[in-house]
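Residue numbers (the numbering used here): 1086 to 1373.
The C-beta atom is built at its ideal place from N, Cα and C for all residues, glycine as well.
Everything numeric in this text was worked out from a predicted model, so none of it was measured.
The structure under discussion appears below in the form of structure tokens.
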Amino acid sequence: MELLIISGMSGAGKSTALRAVEDIGYFCVDNMPPMLLGTFYDLCEQSTDAKMKKCAVVIDVRSVSAMTNLYDEIKANSHHGRKFKVLFLDAKTETLITRYKETRRSHPLADFVPDRSVEKAVKKEKELMGILKAHSDYVIDTTYMSLKQLRERVTGLFSTSITDSMKVTVMSFGFKYGIPLEADIVFDARCLINPYYVPELKQLTGLDKEVRDYVMASEDSVTFLEKILNMLDFSLPLYKKEGKSELVIAVGCTGGKHRSVTLARNIHHHLHEKGYAVTIAHRDITKQ
1086 MELLIISGMS
1096 GAGKSTALRA
1106 VEDIGYFCVD
1116 NMPPMLLGTF
1126 YDLCEQSTDA
1136 KMKKCAVVID
1146 VRSVSAMTNL
1156 YDEIKANSHH
1166 GRKFKVLFLD
1176 AKTETLITRY
1186 KETRRSHPLA
1196 DFVPDRSVEK
1206 AVKKEKELMG
1216 ILKAHSDYVI
1226 DTTYMSLKQL
1236 RERVTGLFST
1246 SITDSMKVTV
1256 MSFGFKYGIP
1266 LEADIVFDAR
1276 CLINPYYVPE
1286 LKQLTGLDKE
1296 VRDYVMASED
1306 SVTFLEKILN
1316 MLDFSLPLYK
1326 KEGKSELVIA
1336 VGCTGGKHRS
1346 VTLARNIHHH
1356 LHEKGYAVTI
1366 AHRDITKQ
């Protein structure tokens, strides 16, 4: 019996994540009250319907009291032998505020803060959700993600059994847009030769062979990649041994289009060859 709990910040993409796991075969329920978690788990476990053996619920908290009790409910149910995995969706405060202002929707906690301020509601929610985030199995920061990128990330994580071994995500990014908040390991490729300054390569990306060949023609790039792979070959088994559910390896360059994409592709290929459940994402490759 598998039960995935999708929670996190309001406006961070919980509904999109739920639709993504539904598309890969999960039985899904939205807006489940925390106090019904144990009852729902038992019903699914006792069901003879095979579709009920892999379930996902969104716990969309609508009050301060329910939010405060959410982690306690999960912890109490776990002590009764019920097994959960928790996916927490987050985003920067400014991003969440902007999303609410663009949609002109009220924040669920608006009635619990002075002046129904969106900013105060978001900050209150972050404060209350801190303990759940700290104890979640998977944390995804959606600040710079499109809906398509979020769907791909969630699908990559849960397209196989959530009880399988550690999932690895290799992510390229641009430092000018910020370091991915969910990154466990960050490599800085800004020390390598930069295709951006080659006119015929400037408008291309690391997805193009010409760019990859240019970057990897440098002896420094080859040595840099070798040292990264050696470190990962040593450290990943240790993360797995410690029970890590997901590991995010982020590789950054200035804009997230050339060097970081090239290295991320090489790292992804290496880990795939090593047998890891690995996916790749290029966060900033389409940014101008």
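Contact annotation, Met1256 with Ala1195: C-beta distance approximately 34 Å; criterion of less than 8 Å not satisfied. The Cβ neighbour count for Tyr1361, taken over all protein chains shown within 10 Å, is at least 16; the residue is labelled buried. For Thr1254, the beta-bridge partners assigned by DSSP are Val1333 and Thr1364.
Annotated three-state conformation of Lys1139 is strand, per DSSP. Straight through space, the alpha carbons of Asp1226 and Pro1265 are spaced by roughly 7 Å.
In this structure, the beta-carbon distance from Tyr1229 to Arg1104 does not fall below 7 Å.
The residue from Met1117, Val1143 and Lys1287 with its alpha-carbon nearest to that of Gln1373 is Lys1287. Beta-bridge analysis with DSSP links Val1224 to Phe1173. A direct Cα-Cα distance of roughly 22 Å separates Lys1211 from Ser1231. C-alpha of Phe1243 to C-alpha of Ala1176: approximately 21 Å in a straight line. Judged by beta-carbon spacing, Val1114 lies within the 7 Å limit of Val1142, meaning their Cβ atoms are closer than that value. In the displayed model, Gly1096 falls within coil according to three-state DSSP, outside both helix and strand. Scanning the stretch 1251-1308 for uninterrupted alpha helix (DSSP H) segments of 4 residues or longer gives 1294-1301, listed from N- to C-terminal end. Between the stretch 1294-1306 and the stretch 1334-1341, the count of C-beta pairs closer than 8 Å stays below three; the two stretches do not touch. Glu1237 sits in a helix when the DSSP states are folded into three classes. The Cβ atoms of Met1251 and Leu1332 sit closer than 7 Å to each other.
Val1207 carries a helical assignment under DSSP once its states are collapsed to helix, strand and coil.
Secondary structure at Ile1159: helix, using DSSP grouped into helix, strand and coil.
Within 10 angstroms of the beta-carbon of Ala1097 lie 16 or more other beta-carbons, which makes it buried.
Residue range Leu1122 to Gln1131 is occupied by the alpha helix (DSSP H) that includes Phe1125, with no beta strand (DSSP E) assigned at that position. About 3 Å separates the CB atoms of Gly1291 and Val1346; that is less than 8 Å, so the two are in contact. DSSP, reduced to helix, strand and coil, places Glu1327 outside both helices and strands of the structure shown, so it counts as coil. Comparing alpha carbon positions, the residue from Asp1222, Glu1130, Gly1328 and Asp1298 closest to Glu1087 is Glu1130. Distance from the Cα of Tyr1126 is smallest, within the candidate group Met1094, Arg1238, Tyr1262 and Leu1089, for Leu1089.
Spanning the alpha carbons of Lys1329 and Thr1364 requires a straight line of approximately 16 Å. Burial is judged here by how many other beta carbons sit within 10 angstroms of a residue's own beta carbon; Pro1280 has at least 16 and is buried. If you ignore the 5 residues before and after Val1307, its C-beta comes within less than 7 Å of the C-beta of Met1301, all in its own chain and listed in chain order.
Scanning Arg1344, Thr1183, Lys1139 and Asp1200 for the CA closest to the CA of Lys1294 turns up Arg1344. Only exposed fits Leu1128, as fewer than 16 other CB atoms lie within 10 angstroms of its CB.
In summary, Tyr1156 is buried, with 16 or more beta-carbon neighbours lying within 10 Å of its beta-carbon over all protein chains present.
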